[in-house]
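Beneath this line is the structure, given in structure tokens, with notes to follow.
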Amino acid sequence: MSDNSRGVIAKILALYLITSGISLLLFLGLFYAKQEELLLLEGAERLKEARGAIFVTLRERGVEGLAPLSEDLGLKMALLHPTKGILYSNLKEIPLFEREGLQERSGKVYLHLRFPLGREGMMKGGGRHHDEMVERFRRGAGEAVLILEGEDIQRALLWLRWKLLGVFLGALVMIGAVAYFLVKLSLRPLHEKIETLNRFIKDSTHEINTPLSVIMMSIETMEREGLSAKNEKKIRNIELAAKSLSHLYEDLVCLNFPHAIPQHREEIFMEGLLRERVDYFAPFASRRQVRFSLEIAPATLRGNRYKICRMMDNLISNAIKYTGAGGEITLRLSSGKLEIIDEGEGMSQEERSKMFERYTRFNRDQGGFGIGLSLVREVCLEHQISLDCESEKGKGTKFTLAWEEEKNNG
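Quick look at the structure:
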């Protein structure tokens with residue numbers, strides 16, 4: 019799987035997981051809120067049931083009956099009087115509330131009530147139903163305050179959070195696995211087409227070599243004396259076409275058969291190599307009415323001469339392709355730096371972000387497979403050469419290659 023494919027899959031998975039994660043968080047958040055509400059309601063129901071027993075005990079036995087009742091029911095409560103203070107309490111800390119009814123504080127449910135008491139701590143009125151007492155309390159007729167404490171649901175909520183976290187992570191893993199499978203399945207036809215193209219290129223590379231060698235040898239050994247100007251021009255055209263094929267063949271070999279390339283490194287005098295490549299491309303530039311401007315100073319680079327040559331050839335070839343008739347290509351060489359500047363069409367920011375991807379082409383009229391800049395990037399990475407591109411639509415392109423001569427030659 020190529021780096022580009024991995025990048026596409028990673029982006030799709032990231033987008034899918036983010037959107038799925040947000041949806042899961044919303045759903046689990048609502049579920050958590052509902053479960054918390056149910057736990058609070060369960061605690062509230064238990065307190066409401068205990069409230070009736072407390073009122074009956076206060077009518078029949080007074081405050082003295084609260085201790086055994088709280089022990090029997092396992093309740094924690096407090097009975098307060100505005101003048102007499104704490105009449106009864108088994109709470110570690112008595113919470114104070116501004117309003118009556120059901121309250122929630124620190125994961126616990128509280129029931130806060132006010133009602134009247136007699137001299138002996140008995141409920142006044144002698145009503146048979148505690149609802150009557152509650153109604154009197156609501157009308158502000160009460161004096162005493164009853165606080166009932168429910169169970170602590172913090173532990174239950176913590177356990178619920180851990181369970182929901184496990185569900186969330188497990189769901190994300192399952193969603194990610196399914197999404198990865200679906201993405202790979204959907205990209206399989208594209209991968210098959212790319213593999214077919216790669217096989218075709220590799221097979222074509224083998225087939226091109228023999229006839230190309232014959233053509234080049236025939237041109238070099240051909241007797242040109244006595245040829246008419248018309249035939250001489252035809253021979254030059256054949257020679258340029260053969261050189262173009264040779265250039266393409268060398269790129270294909272470099273990309274697809276790296277083991278067939280000598281791997282030794284040597285100290286390369288970039289001044290001589292650059293002039294050699296300019297001479298090689300001079301007929302192509304002349305044919306397109308493009309001129310070279312050379313600003314050359316001595317520079318060296320330690321590397322694989324064959325690959326450095328391929329790198330320079332692709333940059334110069336691209337500059338010639340995209341520079342219009344009458345344009346100029348500037349080649350500026352200095353110590354540890356090479357600049358190739360053309361007056362071509364230029365590239366947009368989006369095109370610059372994709373220019374090093376294999377098989378990427380922005381102008382179908384110029385031909386080629388779109389492998390040149392991909393090869394340039396690979397050679398630069400292998401030789402620790404920084405590669406920078408400045409380009410603007412309608413204003414041309416500038417490639418800058420920089421390396422540290424001392425580090426590179428060490």
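For the sequence shown, this note's numbering assigns the number 19 to the initial residue and increments by one for each residue that follows.
Every residue, glycine too, gets a C-beta built ideally from N, C-alpha and C.
- For valine 163 and leucine 65, the gap between their C-alpha atoms comes out near 15 Å.
- When the alpha-carbon of lysine 181 is set against those of Tyr340, Arg350, Gln53, Ile347, the nearest one is in Gln53.
- Counting of Cβ neighbours within 10 angstroms places arginine 123 among the exposed residues, the total staying below 16.
- The alpha-carbon of isoleucine 104 is positioned some 15 Å away from that of glycine 83.
- Pairing glutamate 285 with isoleucine 358, the inter-Cα distance amounts to about 22 Å.
- Counting only runs of 3+ residues, the beta strand (DSSP E) found wholly inside the segment 258 to 304 occupies 284 to 287, in chain order.
- Every unbroken stretch of the beta strand (DSSP E) spanning 3 or more residues and falling wholly within the segment 298 to 356 is given here in chain order: 309 to 314, 318 to 321, 346 to 352.
- By the neighbour-count criterion, in which 16 or more other beta carbons inside 10 Å mark a residue as buried, isoleucine 72 falls on the buried side.
- Note that the C-beta distance between asparagine 332 and valine 271 is not below 8 Å.
- Taking phenylalanine 417 as the centre and dropping the five residues before and after it, the same chain places the C-beta of Leu333, Ile358, Cys407 closer than 6 Å to its C-beta, in chain order.
- Across the structure, glutamate 368 and glycine 414 are spaced so that their CA atoms are roughly 15 Å apart.
- Contact between glutamate 423 and glycine 354 is confirmed by a C-beta separation of about 5 Å, below the 8 Å threshold.
- Each residue's CA atom was taken as its position, placing threonine 214 and leucine 43 some 43 Å apart.
- Counting along the chain, the unbroken beta strand (DSSP E) around valine 127 starts and ends at 126 to 133.
- Shortest Cα-Cα distance from tyrosine 34 to any of Arg283, Ile193, Leu203 involves Ile193.
- Straight across, the Cα-Cα distance linking valine 397 with phenylalanine 299 is about 20 Å.
- Ranked by Cα distance from glutamate 169, the options Ala62, Ser335, Gly390 are led by Ala62.
- Scanning Glu60, Ile226, Ile30 for the CA closest to the CA of isoleucine 171 turns up Glu60.
- For glutamine 121, the enclosing beta strand (DSSP E) begins and ends at 119 to 123.
- Each of Met95, Leu351, Arg179 was checked against the Cα of alanine 68, and the nearest Cα belongs to Met95.
- With respect to the C-alpha of leucine 351, the residue from Leu200, Leu205, Ala420, Gly39 having the closest C-alpha is Ala420.
- Going by DSSP, glycine 168 is part of no alpha helix (DSSP H) but of the beta strand (DSSP E) stretching over 162 to 170.
- Look at aspartate 360 here: in three-state DSSP terms it is coil, with no helix or strand label.
- The residue from Val201, Phe302, Leu291 with its alpha-carbon nearest to that of glycine 25 is Val201.
- Take the alpha-carbon of leucine 46 and the one of leucine 203: they are about 30 Å apart.
- For the pair glutamate 363 and threonine 341, the Cα-to-Cα distance works out to about 7 Å.
- About 29 Å separates the Cβ atoms of serine 311 and isoleucine 256, ruling out a contact at the 8 Å cut-off.
- Annotation for glutamate 408: no alpha helix (DSSP H) segment contains it, though the beta strand (DSSP E) segment containing it runs 404 to 410.
- Contact annotation: leucine 187 and tyrosine 50 have beta-carbon atoms that are not nearer than 8 Å.
- Secondary structure at histidine 209: helix, using DSSP grouped into helix, strand and coil.
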